[in-house]
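The listed protein sequences correspond, in order, to chains A and B. According to our numbering, the residues represented by the first sequence are 15 to 423, in order. According to our numbering, the residues represented by the second sequence are 15 to 423, in order. Note that beta-carbon positions come from the ideal geometry of N, C-alpha and C, so glycine has one too. Here the structure is laid out as structure tokens; the discussion comes afterwards.
2 protein chains.
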Amino acid sequence: MSLSASYSNATYRLYDDKADFHKKAQSIAVGLTVGSWTDLPEAAKEQMQKHLGQVVSVDVSESSNPGERYADIEIAYPDANFSRDIPAFLVTAFGKLSMDGRIKLIDIRPSADFLSAFPGPKFGVQGIRDLLGVHDRPLVMSIFKSVIGQELPNLREQFLQQALGGVDLIKDDEILFENPLSPLEKRVEACMSAAREAEQATGQKLLYFTNLTGSTFQLKDNAKRAIAAGANGLLFNVLAYGFDALAELAADPDISVPIAAHPSLAGALYPSMHHGISAPLLLGKLMRIAGADLSLFPSPYGSVVMPKAENLAVKEALLTPSLPQKPAMPVPSAGIHPGLVPLIMGDFGPEVVVNAGGGVHGHPGGPAAGGRAFRQAVDAVKTGSSLVQYAERHKELKQAIELWGIRTS
Amino acid sequence: MSLSASYSNATYRLYDDKADFHKKAQSIAVGLTVGSWTDLPEAAKEQMQKHLGQVVSVDVSESSNPGERYADIEIAYPDANFSRDIPAFLVTAFGKLSMDGRIKLIDIRPSADFLSAFPGPKFGVQGIRDLLGVHDRPLVMSIFKSVIGQELPNLREQFLQQALGGVDLIKDDEILFENPLSPLEKRVEACMSAAREAEQATGQKLLYFTNLTGSTFQLKDNAKRAIAAGANGLLFNVLAYGFDALAELAADPDISVPIAAHPSLAGALYPSMHHGISAPLLLGKLMRIAGADLSLFPSPYGSVVMPKAENLAVKEALLTPSLPQKPAMPVPSAGIHPGLVPLIMGDFGPEVVVNAGGGVHGHPGGPAAGGRAFRQAVDAVKTGSSLVQYAERHKELKQAIELWGIRTS
Ligand SMILES: [Mg+2]
Ligand SMILES: [Mg+2]
């Protein structure tokens, strides 16, 4: 195999009780590139060689139990075959192939040349920390509780109460769309005025991620309208629009605020063992390459579950120095309360957003107390205290752990 | 349940050995709309009632075998909660929920009001037939064999040979992207000149579906460039860009040619029993609402298989008069040869595109003979002949059935 030109690789897991996986790998490498090979005349082979896919590896896991035999197959696709956009590579590597039996796309390794087309996150982990002026602890994010059908003054008050607890980031609910009660610009203005009010009280800078929605070809305009109205962050349901929409938004110099990627619809793609796209690729590597500054994904702690190993692989994909794009902030979400903070910080390390909805709003002292309880939990871990110790002198944390307990594993 | 306002429904299949499915249905209806209900004060309830989701039905299929107990749950979502675009509805109905256990989105029933925002296919079945002047038989489509790495004269010759057999439609390979050898406008010009040449010879009008690719926000421009260069059809990898991109392209009055939706990446979404989106919804109803004039999907006859019942449900969704959008042409694809034509016409009825790649190019007499063999097979069925009978006086059909045989079930 001569790989003098540039190739981008894809790795698949294929389940099949009987297939000749080496033959299958060859048929993928040929079928998804030049179409046919052995019957080509020599002159044509010479010309087509640079477009021919290559089998990199075939790693068979034998089993005689029905349904358990599989192989991991890595194929190198010539960069000459596709344009420098994610749809082109995904369609090449997993377009037709996705429909060809029990096959899941588990990883990609795009070439340096392909990756160079993607500026990636404008801010990333460091940029978000710089915007907030917070460099020495995990960030805390709060999610609006109920937003549909709420008038602007209610939304503003909800924002303010969350903000007063000292959280760093507040995000819209991903199911809040353009609507007469809280249209985009008015919502941004109301929430950002609450953010300034809270900042006066807490001294804590705040980013508000307003939900970017609407028709595909209006997304850039909507983003710019939100920013013109004062938005300092955007939430985006990436999978409803495709990775390229995110990549184009992130690459636009006028979209000068961080983008948080919501995993909406991801459950249609990652959980099956036999089909779809693995979570670390879908919510980790692809989100980062496409330019998400933060990526939300189901935490291993709540009711919406992803196994912890998979969770940590998503995190790894977002943070690994092996990609040229800036690292993106991991935001494990769902089921988070202050009693989980030591565990989250243990599992994820320092670069993580502690993201809570019910854990803020359900606090007995209200959402401001909820935010404070999270900040106290973070401070406890940072200063080497146990939550129980720290709660002795911090009543919001005390109330939180009385209600939700402490989970250590 | 009072449904005086307008609601759009979604139906899910949930697998769970123990869950209280009725309780689960309630928690979906509340959780994905107003967030919480029982703890709301009465005044708030009055205001929020119109935003509250409603459980339409819970149909439990009991089983004590592990993994086999499931329920079909239909929820009505108030149209007041989302904008009139597919991302908004999908994110509402299956955004977060997609990650909540073993749950698959199996159908949607959007309200008349929601549907009225979608003009749907510009041409549809009747419009495509009118463009071609063919009203009395299934259409025949041929797919380029190998396109990557091919110079324009080669592509033109490939196009011409396919066209000379009398096929109605020719489509690009979905993995042909913008590239120096066959850039969009030059490719369109070369292929359309071959189409005119073939039309002189056969008297048969031809539609050429050129692959619409590139960055999301350039799609409209690219489509218009292709059309300005003479393209009379577009192929689009819908799932790589999202349904809204298709909807916006289809609604643009300047994109005045039919759009064929390619099912690229669909296998990441539909085949799992427990996750994703059902094929009839994904490749049938949603494609049609979004405006595909033709929808390709894996045939039940080839190696890329979808069970026949699912296939016919895709077809039904594309053709049923119960939607306001024009019917879209079903294009079952993969593994099609002339000996399958009676079976296809039996399974799908008259409104179907017989779509072949290898079945045209692999004909012993070459692709022109391959096209003729398909047209002969169609004519045989239309005139009530058996293929064997008809092949006695039609040598291309004879060669085809000698090579591939005849399949009757
Ligand atoms: Mg939410
Ligand atoms: Mg193809």
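- Taking 8 Å as the upper bound for CB-CB distance, Gln175 of chain B and Ala382 of chain B are in contact here, some 5 Å apart.
- Taking the CA atoms as reference points, Asp31 of chain B sits about 28 Å from His351 of chain A.
- Closer than 8 Å to the CB of Ser292 of chain B there is not a single CB belonging to chain A.
- Against Phe191 of chain B, the close residues of chain A are Phe96, Ser97 and Ala102, in the order they occur along the chain (beta-carbon pairs closer than 7 Å).
- Exposed is the label assigned to His149 of chain A, since fewer than 16 other Cβ atoms lie within 10 Å of its Cβ.
- Note: Glu88 of chain A is bridge-paired with A:Thr25 and A:Ser71 in the DSSP secondary-structure output.
- Restricting attention to beta strand (DSSP E) runs no shorter than 3 residues, the segment 233-316 of chain A encloses them at 248-250, 273-275 and 308-312, ordered along the chain.
- Scanning the segment 178-203 of chain A for uninterrupted beta strand (DSSP E) segments of 3 residues or longer gives 183-185, listed from N- to C-terminal end.
- Asn251, Ala254, Tyr255, Gly256, Asp258, Ala259 and Glu262: these are the residues of the segment 251-275 of chain B whose beta carbon lies less than 7 Å from some beta carbon of chain A, given in chain order.
- Of all residues in the segment 113-132 of chain A, the ones placed with a Cβ closer than 9 Å to any Cβ belonging to chain B are Met113, Asp114, Gly115, Arg116, Ile117, Lys118 and Leu119, in chain order.
- A Cβ-Cβ distance of about 4 Å is found for the pair Ala275 of chain B and Ala306 of chain B, placing them in contact under the 8 Å criterion.
- With 16 or more other Cβ atoms inside 10 Å of its own Cβ, Ala254 of chain A counts as buried.
- Distance between Pro335 of chain A and Asn325 of chain A, taken at the CA atoms: about 18 Å.
- Taking 8 Å as the cut-off, the Cβ atoms of Asp182 of chain A and Gln218 of chain A count as close.
- Counting only the Cα atoms, Val345 of chain A lies some 6 Å from Phe311 of chain A.
- Residues of the same chain with a CB within less than 7 Å of the CB of Ala414 of chain B, apart from the 5 flanking positions on each side, are His351, Pro352, Gly353, His377 and Ala387 in chain order.
- Taking 8 Å as the threshold, the shortest C-beta distance from Glu330 of chain B to chain A does not fall below it.
- Within the segment 324-368 of chain A, the complete alpha helix (DSSP H) segments of 4 residues or longer fall at 355-362, listed in chain order.
- At a cut-off of 8 Å between beta-carbon atoms, His351 of chain A makes no contact with chain B.
- DSSP, read as helix, strand or coil, puts Val139 of chain B in helix.
- Within the segment 157-175 of chain B, the residues whose Cβ lies closer than 7 Å to any Cβ of chain A are, in chain order, Lys159, Ser160, Ile162 and Gly163.
- By the rule that beta-carbons nearer than 8 Å mark a contact, Thr47 of chain A touches chain B.
- If you draw a 10 Å sphere on the C-beta of Gly385 of chain B, you find 16 or more other C-beta atoms in it, and that means buried.
- Lys299 of chain A is outside the set of residues whose beta carbon lies under 8 Å from a beta carbon in chain B.
- Of the residues assessed, His36 of chain A falls on the exposed side of the cut-off, its CB having fewer than 16 other CB atoms within 10 angstroms.
- Beta-bridge analysis with DSSP links Leu221 of chain B to B:Leu183.
- The beta-carbon separation of Ala237 of chain A and Ile269 of chain A, rounded to 5 Å, stays under the 8 Å limit for a contact.
- For Ala280 of chain A, the chain B residues whose Cβ falls inside 7 Å of its Cβ are Ser112 and Met113, in order along the chain.
- Residue-level contact check: Pro378 of chain A does not touch chain B, since none of the beta carbons of chain B fall below 8 Å from its beta carbon.
- Per the coordinates, the alpha-carbon of Ala24 of chain B lies some 11 Å from the alpha-carbon of Leu295 of chain B.
- No residue range can be given for Met320 of chain B, since it is assigned to no beta strand (DSSP E) and is classified by DSSP as neither H nor E.
- In the three-state scheme derived from DSSP, where H, G and I count as helix and E and B as strand, Lys110 of chain A is classed as coil.
- The beta carbon of Phe257 of chain B sits closer than 7 Å to the beta carbons of Ile100, Leu300 and Ala304 from its chain, once the five residues preceding and following it are set aside; these are given in chain order.
- Using a Cβ-Cβ distance cut-off of 8 Å, the segment 42-55 of chain A and the segment 64-82 of chain A are in contact, since at least three pairs of beta carbons, one from each stretch, lie closer than that value.
- Distance from the CA atom of Leu263 of chain A to the CA atom of Arg302 of chain A, rounded to whole angstroms, is 13 Å.
- According to the DSSP assignment, Ser41 of chain A belongs to the alpha helix (DSSP H) that extends over Phe35 to Gly45.
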